[in-house]
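Undergrad: Please read through the structure below; I'll follow up with questions.
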Amino acid sequence: MNKPPLIVTRALILFGTPLLAVTLVPYYGFHVGFGVFEWSMGVLFGIMTLHSISAGYHRLWSHKAYQAHAIVRLFYAICGACTIQNSILHWSSDHRNHHKFVDNQDRDPYAATRGFWFSHMGWMIRDYKSGKVDFSNVKDLVRDPIVMWQHKYYIELVLVTNVGLPLLLGYLFGSALGVFLLAGVLRLVVIHHFTFLINSLAHIWGSQPYSDTNSSRDSLVLALLTFGEGYHNYHHSFQGDYRNGIRWWHFDPTKWIITALAWVGLTSRLKRAPQLHIEKARLAMQYNHALRKAAHLQEADRWCQHLEERYAQFLVALEEWATFKREWYRSKKDELLATIERAELKQRYAELKRNVKFQRQEWHLLTSQLAAT
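By this note's numbering, the letter at position 193 of the sequence shown is numbered 181, and the numbering carries on one by one without gaps.
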């Protein structure tokens, strides 16, 4: 079987920069040495570029999960170009196809079902049909002047941000080559492979708490490496949510920054998946896992009946709570609503919330008993 033609420029970048990183960087470090400034620039460039891919290319432009002021969009466009992961237009088009045709080997540009190597890097260095350029799915982005400016001057921005700016900063502070090697070369390689892991390892390793209809996984380790992008199973289940880590303890700096920018008016219309949908998705996965385990037990029918009954009760409690929650929030906006009626609504809301908590506890108790058998 003939392989698609090699894309030489991409291959040179993807294989050449790691070669420089493992030769010139240690050679310079051993013979000259890197100071605090050089390392600081490397870390700063790394944070800015990784965040720009996560918050800009991914959540802002690919998924329209929130809106951002032109200043924020310009920052993400410039720093995003510094990652050398193609223009916003191209990256977003590929990513939307990935979500639309996830795991389809003929339509998903970086289908994990074609193996780790393909989804990590292989899809970029050859002209595969699955990666055919077609901007028909990003017509909304064509109307963004910053997106089109970056697309037009992408090569120039790549050279300025990866070569010109590190050399200039290094020259001004007496270490042009040192800053270039850390903020340019080494930083680029690290950010490349941290980002690529979301296409590859995040579809192989981790948990699936929300859906098993595709290969995406949740992984705290990958979240730590990618500014919060590691909660990939959640993301594939609720791709329009500006958050990837939805719990307060989830490591998702991109979410925190987007939220902080909203406080000062630089981001707006932050989209969240309805809590009811999230709860139902998680519960359905737990139910399916429990049924599969129960099917292998001696008293399978009894266990399955208990699970079905408890699952149905939990669903009803969630639906009632979510419905009343919407009514409760609407009532808060009604200035003419009688005080006594407000109190009754508040009491009813508290009762439904307690019922959800009780049903959750009962569900966890039942599944824990099942797991112990």
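Built from N, CA and C at the ideal position, the CB exists for glycine as well.
1) Go ahead and pull the three-state DSSP assignment for serine 124.
2) From which residue to which residue does the alpha helix (DSSP H) around proline 241 run?
3) Based on DSSP bridge pairs, tell me the residues matched to tyrosine 16.
4) Assuming threonine 149 and isoleucine 66 make a contact with CB atoms under 8 Å, what is their CB distance in whole Å?
5) How long is the line joining the alpha carbons of alanine -1 and glutamate 297, rounded to whole angstroms?
6) Report, in whole angstroms, the separation of the C-beta atoms of proline 197 and methionine 29, which I expect to be a contact under 8 Å.
7) What does the alpha-carbon distance come out to for the pair leucine 77 and proline 14?
8) Rounded to whole angstroms, what is the Cα-Cα separation between tyrosine 337 and alanine 250?
9) Given 8 Å as the limit, is there contact between the stretch 33 to 51 and the stretch 68 to 75, that is, 3 or more CB pairs closer than that?
10) Which same chain residues, not among the five before or five after arginine 270, have their C-beta less than 8 Å away from its C-beta?
11) Spell out a yes or no on whether the stretch 31 to 38 and the stretch 170 to 178 are touching, meaning 3 or more CB-CB pairs, one atom from each, closer than 8 Å.
12) Could you check the C-alpha separation between leucine 185 and leucine 210 for me, to the nearest Å?
13) Measure the C-alpha to C-alpha separation of leucine 358 and aspartate 200 and round it to an integer number of angstroms.
14) Contact between the stretch 254 to 266 and the stretch 222 to 240: three or more CB pairs below 8 Å?
15) Can arginine 61 and isoleucine 179 be called in contact, C-beta distance under 7 Å?
16) Put threonine 255 into one of helix, strand or coil per three-state DSSP.
17) On a Cα-Cα basis, can you pick out the residue from Ala58, Asp115, Asp82 that is closest to proline -7?
18) Can you tell me whether DSSP reads glutamine 293 as helix, strand or coil?
TA: Here's the rundown:
1) helix
2) 241 to 251
3) BP columns for tyrosine 16 are empty, so no partner.
4) 6 Å
5) 56 Å
6) The C-beta separation of proline 197 from methionine 29 comes to about 39 Å, leaving the pair out of contact by the 8 Å criterion.
7) 36 Å
8) 29 Å
9) The stretch 33 to 51 vs the stretch 68 to 75: in contact.
10) Pro197, Tyr198
11) yes
12) 8 Å
13) 21 Å
14) yes
15) no
16) DSSP places threonine 255 in strand when its eight states are reduced to three.
17) Asp115
18) helix
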